[in-house]
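Heads up, the thing below is written out as structure tokens.
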Amino acid sequence: VREYVVPANPKTALQLIQRGHVTEAVAYIHTAMADATNPLKSIDQVAYAALAAAKGRIMTWFNQAVKLWIDVSVAVLVPVVYSDMTFTTKTVGAIDLELYLNEETGSTLAAGKFYFGSTKTNLINAVAATVTAGDKVALVAEDCSAFLTAGVKAFVQFRPDAADGCEGADSGIYNFYPA
Numbered sequence: 003v004r005e006y007v008v009p010a011n012p013k014t015a016l017q018l019i020q021r022g023h024v025t026e027a028v029a030y031i032h033t034a035m036a037d038a039t040n041p042l043k044s045i046d047q048v049a050y051a052a053l054a055a056a057k058g059r060i061m062t063w064f065n066q067a068v069k070l071w072i073d074v075s076v077a078v079l080v081p082v083v084y085s086d087m088t089f090t091t092k093t094v095g096a097i098d099l100e101l102y103l104n105e106e107t108g109s110t111l112a113a114g115k116f117y118f119g120s121t122k123t124n125l126i127n128a129v130a131a132t133v134t135a136g137d138k139v140a141l142v143a144e145d146c147s148a149f150l151t152a153g154v155k156a157f158v159q160f161r162p163d164a165a166d167g168c169e170g171a172d173s174g175i176y177n178f179y180p181a
């Protein structure tokens with residue numbers, strides 16, 4: 003004998019709020035992907051997938067980006083989708099990189115650091131980023147020779163500082179081989 007359960011009203015206030023967060027996240031991710039100048043590319047997708055793996059989550063890069071957005075929104079902070087990670091110089095003595103911001107409100111992110119490490123789960127070497135409000139975070143000619151080795155795979159992630167308006171809106175985990 004089959005019994006059918008009548009679901010609860012799917013339009014409760016909390017469910018509508020949750021759906022709103024999901025809708026916003028999906029819209030911002032798609033907007034970042036379609037950006038003509040600094041789109042969310044495969045390097046960013048791989049980074050979000052690496053973040054999910056490092057956290058022990060079995061999910062796609064897209065679902066990880068949505069989850070980050072929702073977590074930050076629920077904490078009443080400003081979520082960010084990161085895109086177009088570009089390494090212009092990868093030498094251990096002069097790392098140059100840029101990571102573009104797609105913030106919900108435009109220019110809330112004020113301070114953060116790039117964390118480097120030898121594995122996805124060992125990002126312990128912090129370097130303060132240069133933040134261009136509403137645009138990007140970057141490192142310019144940063145000497146990372148104290149913790150990077152030429153030819154050895156390295157990982158890097160951007161994290162907004164504690165108490166920043168975007169706290170918790172971390173980037174994915176990127177990998178590269180410094181020269």
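The opening residue of the sequence shown carries number 3 in the numbering used here; numbering runs sequentially from there.
Virtual Cβ for every residue (Gly too), placed ideally from N, Cα, C.
For residue i, the nearest candidate out of the options (CA to CA)
i, options, result
"Cys146", "Gln20, Lys92 and Gly136", "Lys92"
"Asn124", "Leu18, Phe157 and Gly58", "Phe157"
"Leu150", "Thr39, Val94, Ala165 and Leu141", "Val94"
"Asn104", "Lys13, Pro12 and Val28", "Val28"
"Met35", "Ala67, Ile60, Arg4 and Lys13", "Ala67"
Check: residue i C-beta below 8 Å from any heavy atom of the ligand ATP
i, result
"Ala38", "Because no ligand of any kind appears in the structure shown, any question about the ligand ATP cannot be addressed here."
Under 9 Å between C-beta atoms of residue i and residue j
i, j, result
"Tyr117", "Gln159", "yes"
"Ala135", "Gly114", "no"
"Glu26", "Ser75", "yes"
"Leu79", "Gly22", "no"
Coarse secondary structure for residue i, derived from DSSP in three states
i, result
"Arg21", "helix"
"Val82", "strand"
"Glu144", "strand"
"Ile45", "helix"
Opening and closing residue of the alpha helix (DSSP H) in which residue i lies
i, result
"Lys183", "Residue 183 cannot be examined here, being either before or after the span of the chain that is shown, 3 to 181."
Buried or exposed by the 16-neighbour rule on C-beta atoms within 10 Å, applied to residue i
i, result
"Ser44", "exposed"
"Ile126", "exposed"
"Tyr50", "buried"
"Ile31", "buried"
"Lys155", "exposed"
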